[in-house]
Every structure is written in structure tokens, then in C-alpha cells.
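Residue numbers (this note's numbering): 2 to 381.
All C-beta atoms in this analysis are idealised placements derived from N, C-alpha and C, irrespective of residue type, glycine included.
Each remark here refers to the structure printed beneath this line.
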Amino acid sequence: MESAKETIAFVREFYDTKGFIPLHEPRFRGNERKYLMETIDSTFVSSVGAYVDKFEVMMQGLTSTKRAVAVVNGTAGIQVSLRLVGVQPGDEVLTQALTFVATANAIAYNQASPVFLDVDRDTMGLSPTAVADFLEEFGVIRDGICFNKMTGKRISACLPMHTFGFPVRIDQLSEICEKWCIPVVEDAAESLGSLYKGKPTGSFGKLGVFSFNGNKIVTSGGGGAIVSNNLDYGEKAKYLTTTAKKPHTYEYVHDELGYNYRMPNLNAALACAQLESLDKFIEAKRKLAENYQEFFKNSDVQFRTEAKEAEANYWLMCVQLNDRKERDAFLKYTNEAKVMTRPIWKLMYKLPMYENCLRDHQKNAEFLEDRIVNIPSSVK
Ligand SMILES: *Cc1c(COP(=O)(O)O)cnc(C)c1O
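Rendered as C-alpha cells:
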């Protein structure tokens, strides 16, 4: 496998090591240690503290949104965001099958059903055409609420995901969903710092959700953030994720079923230090992407780049092989050589818990599932 062999040599030279090369590892070269120590010295290690507040303000700035709420992880953030826009048990939520399982799980935690619609080939994210086609065929609006004519269920949200940090066509999706009275929540877990038409991903939907898990572009160890330009959603997100506690000087007043989905101050301290490095990380990743692009130019392996109106964070970089057979050979060859590569996710309706969900033709999702492979993407 010539292309795999050359890739291994290129990656080894770039990272300058003969050892194992992971897909993505975090870098702690800023104020991480300092902020963590301060947290311990202050005794505020748990769910309230200065770094939680600071983290929220930093996230508002980075995403150009009015309110950010720190949460325990991205999945919990999506779950709560869906509930906030009105997703109820028995509803349907439009999303893509080509995603990490957490997207679908967050829908299922609300006892709603994902409806899997196809992605665009270039963005690898939810296709506006697929959403429009589905709604033309099955959608009906009654009293300002969208229903699925075939199942009789409410279609109460749309949850697109920005795959590997490549922005979806979020403006077109928002426009279509607006017409059909469907609120959009962005699964921006992978796309912190990515821009679409110059605007941060996560800021287009009613709510957007980011993840700070250990493998993401920046990490808090574990954590997430909900962002919104709607202050009511922001306030409600904070309230629901902090056990639905009403402010009171000494009494415990909880007037709704809330969650303990808070991000501990320890994690927020790490997140703040990491966010300070975000620009540098993105710059380094975009540079690596350029190098990869140049390297793969004359290869039969295609390096995937951002679409025209998008500026990706290049969190996880990927190549497209010619077919599944070549994909598998490439995966085997590189992993055996201790250069970590991974296939894109198995499509959600191929997992037992989602095999009976509604879906469309999935032409592009199937095409990409057979061909896309992530390659080492860490900042050097
Ligand atoms: C990482 C990720 C999540 C979940 O984030 P956690 O913080 O790990 O819960 C959700 N969706 C996508 C697409 C992700 O990649």
C-alpha cells in the first residue's frame, strides 16, 4: 500500500518520533498548572468558583454569544438544550446518521426519536437538501407546530453536527427549519473556533453545544458548554443544569425536575487555560492541514479540506480513500505501523438501539462511511 507507506513516513517526520503516534492528544503549555493550583489553594474545587464564571465569559467572547453555561459534558449539554427548545417524549428530532453516538443519545435521553437524514458530501454534515426533501414529503404545520404526517409525531427540533470541525451549511438549515417552525440546536462539540461565513459555529442555532472532552481541540478533562444569544434560554439552561434551584438566601427551593450537570471549578480552571491557547492551536492545525494538503496533492488519497464559505478548526483531519477495501487496507497498514488512524463512525442506524429509526436514502453518508479515515492531527 504505497499511499499508506508514504503517509506513515510523512507523519513520522512531522512529529519527529519512531514511537506510537496517536490521533489526537492534548497540549498543556500555558497556565494550566497555575490555574489548577490556584483552584486547590482557594478550596473552591467543586461546582461553584471563579473559574466557572470566567470560563462562561470566555466562551461568550469566543462564540460571540450572549450567554454561555458550563456543563459537565457535551452530551448533557445537548440533552438539556433539546429539552429547552421543547423536545418532549414521543417527539422526532431531525439529525444526521453520520455522527458520534452522543448526538443520537442526547435525543434518546429526552425519550424522543432521531430521524436520520443524509449529509452533504463536501461538509460531511446534515444536508439542507435532505432536510427540505424530507419536510416537503412528510411535514405538515398545525398551529405553528410541525408534525410528521406519516407517524403523527411532532418534529420538535433539528440537530445538525459540524463533523470534525468542518462547518455544516448552517444558514440554509436554519432558514429551512425556520420555515417549518423547527428550532435548531447545533452539536458544535467538535467545532470550537470554526467559522461559517465569518461567524462562529454554535452561534447560529437557538442553542449551540461544545465539548471539552480529552480528545477535543481544547479540554477541561471532561466538560461542555451551552451557548445562546437568547438570554432566557441561557438562564433556563443554567437553572436546569444546577438542579433547578431557585435563588434563596438559605432555603432549598427546587420547583422543577433539574439535573446536576455542573462543571466543577477544577475542570473550568483547566478549560480557561486551554481556551487561552485556542487561537494558537487552530493556527498550528491549519498549518498542518496545509502541509497534509500539499503532501497528498499527487496521491490517490484525497485530503479533505473546508468548503468555500467555511473556516474549519481542523480538529481531526481526514483523508478519503477510493473505496472500502482501500480504506481497510490503509487502516490496517498504518495502525500496524503504530501510526494511529480511525475510520469515520459507523452510521447510527447500524447500531442496535437506533436500527428502527426513520431515515432517508443515506447515499452520501454511506459513501463517506466507506471512505473517510482520520489521520494524526495533534498540535506538535
Ligand atoms: C464529543 C462529542 C459529543 C459529546 O461530548 P462529551 O463531552 O464527550 O459528552 C457530542 N457530539 C459529538 C459530535 C462529539 O464529537
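- Your pair P184 and T124 does not check out as a contact, with CB atoms roughly 21 Å apart and the cut at 8 Å.
- Residue side-chain check: D188 places its Cβ nearer than 7 Å to a non-hydrogen atom of ligand 1.
- Proximity to T243 across Y234, Y251 and Y262 peaks at Y262, based on C-alpha coordinates.
- Around the beta-carbon of K217, 16 or more other beta-carbon atoms lie within 10 Å, marking it buried.
- Within 7 Å of the C-beta of E367 there is not a single heavy atom belonging to ligand 1.
- Nearest Cα to T152 within the set P129, L118, G194 and E93: E93.
- A Cβ-Cβ separation of about 4 Å places D119 in contact with A131 under the 8 Å criterion.
- Of the candidates Q112, A109, V302 and A98, V302 places its Cα closest to the Cα of T8.
- Relative to ligand 1, even the nearest heavy atom lies 7 Å or more away from the CB of G166.
- Closest option to P90, judged by alpha-carbon separation, among I108, H255 and T76: I108.
- The continuous beta strand (DSSP E) containing F117 extends over residues S114 to L118.
- Contact annotation: A190 and G75 have beta-carbon atoms nearer than 8 Å.
- From the listed residues R155, L348 and E367, the smallest Cα separation to G145 is found for R155.
- The count of Cβ pairs closer than 8 Å, one atom from the region 185-205 and one from the region 311-318, reaches three, so the stretches are in contact.
- In the three-state reduction of the DSSP assignment, V88 falls in the coil class, being assigned neither a helical nor a strand state.
- By the Cβ test, the region 334-350 is not in contact with the region 201-208, since fewer than three Cβ pairs between them sit closer than 8 Å.
- N314 has its Cβ no nearer than 7 Å to any heavy atom of ligand 1.
- Using a cutoff of 7 Å, the CB of G203 does not count as near ligand 1, since none of the ligand's heavy atoms is closer than that.
- Ranked by Cα distance from D54, the options G215, M2 and N266 are led by N266.
- The Cβ neighbour count for K180, taken over all protein chains shown within 10 Å, is under 16; the residue is labelled exposed.
- From the listed residues G78, K298, Y293 and L276, the smallest Cα separation to R13 is found for Y293.
- Remark: three or more beta-carbon pairs, one from each stretch, lie closer than 8 Å, so the region 253-262 and the region 63-82 are flagged as touching.
- As a beta-bridge residue in DSSP terms, E93 pairs with S114 and I156.
- With a cutoff of 7 Å, F101 counts as near ligand 1, since its C-beta is closer than that to a heavy atom of the ligand.
- Take the alpha-carbon of L352 and the one of Q321: they are about 23 Å apart.
- Distances from the CB of T306 to the heavy atoms of ligand 1 are all 7 Å or more.
- Y315 sits close to G166, with the two beta carbons spaced by under 8 Å.
- Excluding residues up to 5 positions away in sequence, S4 lie with their Cβ nearer than 6 Å to the Cβ of S300 in the same chain.
- When the beta-carbon positions are compared, G215 and P27 come within less than 8 Å of each other.
- In the DSSP assignment, G203 is bridged to no other residue.
- Taking 8 Å as the cut-off, the Cβ atoms of Y36 and A270 count as close.
- Following the DSSP letters along the chain, one finds D188 inside the beta strand (DSSP E) bounded by residues V186 to D188.
- Taken through DSSP and simplified to helix, strand or coil, L136 comes out as helix.
- For I218, no beta strand (DSSP E) segment is defined, and its DSSP state is neither H nor E.
- The nearest non-hydrogen atom of ligand 1 is 7 Å or more from the C-beta of N261.
- The closest CA to that of R325, considering only I373, K246 and V228, is found on I373.
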